[in-house]
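If you read the sequence shown in the working numbering, its first letter stands for residue 15, the second for the next number, and so on. Backbone N, C-alpha and C fix where the C-beta goes; we use that ideal spot for every residue, glycine too. Written below as structure tokens is the structure these notes are about.
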Amino acid sequence: MVRGTGEGEAREPDLIYIDLHLVHEVTSPQAFDGLRLAGRQVRRPDLTIATEDHNVPTIDIDKPIADPVSRTQVETLRKNCEEFGIRLHPMGDAEQGIVHVVGPQLGLTQPGTTVVCGDSHTSTHGAFGALAMGIGTSEVEHVLATQTLPLRPFRTMAINIDGSLPTGVTSKDVILAVIAKIGTGGGQGYVLEYRGQAVEEMSMEARMTMCNMSIEAGARPEWSLPTRRHMPI
15 MVRGTGEGEA REPDLIYIDL HLVHEVTSPQ AFDGLRLAGR QVRRPDLTIA
65 TEDHNVPTID IDKPIADPVS RTQVETLRKN CEEFGIRLHP MGDAEQGIVH
115 VVGPQLGLTQ PGTTVVCGDS HTSTHGAFGA LAMGIGTSEV EHVLATQTLP
165 LRPFRTMAIN IDGSLPTGVT SKDVILAVIA KIGTGGGQGY VLEYRGQAVE
215 EMSMEARMTM CNMSIEAGAR PEWSLPTRRH MPI
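Okay, structure coming up:
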């Protein structure tokens, strides 16, 4: 899925199998409508996980959602998940939450897997050594129908951060410095790989922050390989 040279710009995309597809209420309604119009089912509902997280309240979650647009989005997701047999973590469920936290917290995000979601910050999962990227609604439909995604190979960019971070310097400071260095489009077309002592000493939460914000440099997927102390199981 990656390459180190300039060859292959005009080649046909490869068809990549997706190990985990995360779904939420904002970018999925039209994708499910597309399935209905084409008379298709979800190819791998067992590899598709949905949660309500973008337009939901954080208080009074036991009451109807006041905003009519948000309420419609959530109700539509629930109907779609029931119709297509998709596992859903709704409001009030103990495992409901921010979609890019749910995956790691439930142990669904694993090293060496491919993860997609209709959200640009899907790159967060790269902290666990997964190739993770945000996709658009038409791509959400494609993954739902086929469990695959057409992708052209990426270039690779290693970012080495040597030495230990001083007190008061966080992973957000580091990634903002990286973005300032390479620019808001510097990562476009690349998989960014974070290396070095500073990264090795970071907690998983800190690495998630690094990978989460890498999209602000234009990079869709990024990763940092977790060490044994981070993932002992």
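Using the beta-carbon count (16 or more within 10 Å), is residue i buried or exposed?
i: threonine 128; result: buried
i: alanine 248; result: In the structure as shown, the chain begins at 15 and stops at 247. Residue 248 is therefore absent and cannot be evaluated.
i: alanine 144; result: buried
i: threonine 123; result: buried
i: alanine 80; result: exposed
i: alanine 194; result: exposed
Pick from the options: whose alpha carbon is nearest that of residue i?
i: leucine 102; options: Pro118, Arg169, Pro71, Pro59; result: Pro59
i: glutamine 119; options: Gly106, Gly126, His139; result: His139
i: threonine 170; options: Ala191, Glu207, Leu190; result: Glu207
i: valine 37; options: Ile112, Arg85, Gly182; result: Ile112
i: glycine 106; options: Cys95, Thr90, Met218, Thr72; result: Thr72
i: glycine 117; options: Leu34, Cys225, Ile30; result: Leu34
i: serine 217; options: Pro78, Ala141, Arg85; result: Ala141
i: glutamine 55; options: Val188, Asn94, His68, Val205; result: Asn94
i: glycine 126; options: His68, Ala212, Ala146; result: Ala146
i: methionine 222; options: Gly48, Val115, Leu29; result: Val115
i: methionine 224; options: Ala212, Asp47, Val188; result: Val188
Closer than 8 Å by C-beta to residue i: which residues in its own chain qualify, once you throw out the five before and the five after it? Chain order, please.
i: glycine 148; result: Val130, Cys131, Gly132, Asp133, Ser134, His135, Thr136, Ser137, Ile229, Arg234
i: alanine 212; result: Ile175, Asp176, Gly177, Ser178, Leu179, Val188
Would you tell me roughly how many angstroms separate the C-alpha atoms of residue i and residue j, rounded to the nearest one?
i: isoleucine 247; j: alanine 52; result: In this prediction, isoleucine 247 has a pLDDT of 40, which is less than 50 and means its spatial position is unreliable; nothing more can be read from the coordinates.
i: isoleucine 63; j: threonine 162; result: 16 Å
i: isoleucine 196; j: glutamate 97; result: 45 Å
i: arginine 50; j: arginine 57; result: 13 Å
i: valine 83; j: alanine 172; result: 42 Å
i: glutamate 214; j: lysine 186; result: 15 Å
i: alanine 108; j: aspartate 74; result: 15 Å
i: tyrosine 31; j: arginine 166; result: 13 Å
i: asparagine 226; j: valine 70; result: 21 Å
i: leucine 61; j: glycine 121; result: 13 Å
i: proline 164; j: glycine 199; result: 22 Å
i: phenylalanine 46; j: threonine 90; result: 10 Å
i: histidine 68; j: phenylalanine 168; result: 29 Å
i: glycine 48; j: glutamine 87; result: 16 Å
i: threonine 184; j: valine 192; result: 13 Å
Spatial neighbours of residue i within its chain, please: C-beta separation below 7 Å, excluding the five flanking residues on both sides.
i: proline 104; result: Glu66, Arg92, Gln110
i: proline 78; result: Arg85
i: aspartate 76; result: Gly106
i: proline 27; result: Pro164, Leu165, Arg166
i: leucine 29; result: Thr162, Pro164
Can you give me the Cβ contacts of residue i inside the same chain, cut-off strictly under 6 Å, excluding the 5 residues immediately before and after it?
i: lysine 174; result: Correcting the residue identity first, residue 174 is asparagine in this sequence and not lysine. Correct list, in chain order: Arg209, Gly210.
i: glycine 99; result: Pro59
i: glutamine 256; result: Here the chain has residues from 15 to 247 only, and residue 256 is not among them.
i: leucine 190; result: none
i: glycine 182; result: none
i: arginine 25; result: none
i: valine 205; result: Val16, Phe168, Thr170, Pro235
I'd like to know if residue i contacts chain B, where contact means its C-beta is closer than 9 Å to some C-beta of that chain.
i: threonine 123; result: Annotation note: the requested chain B is absent from the structure, which comprises a single protein chain.
query: Does the region 173-193 come close enough to the region 150-157 that 3 or more CB-CB pairs lie under 8 Å?
result: no
- request: Tell me, please, whether the region 156-170 touches the region 33-49 by the rule of three or more beta-carbon pairs shorter than 8 Å.
  value: yes
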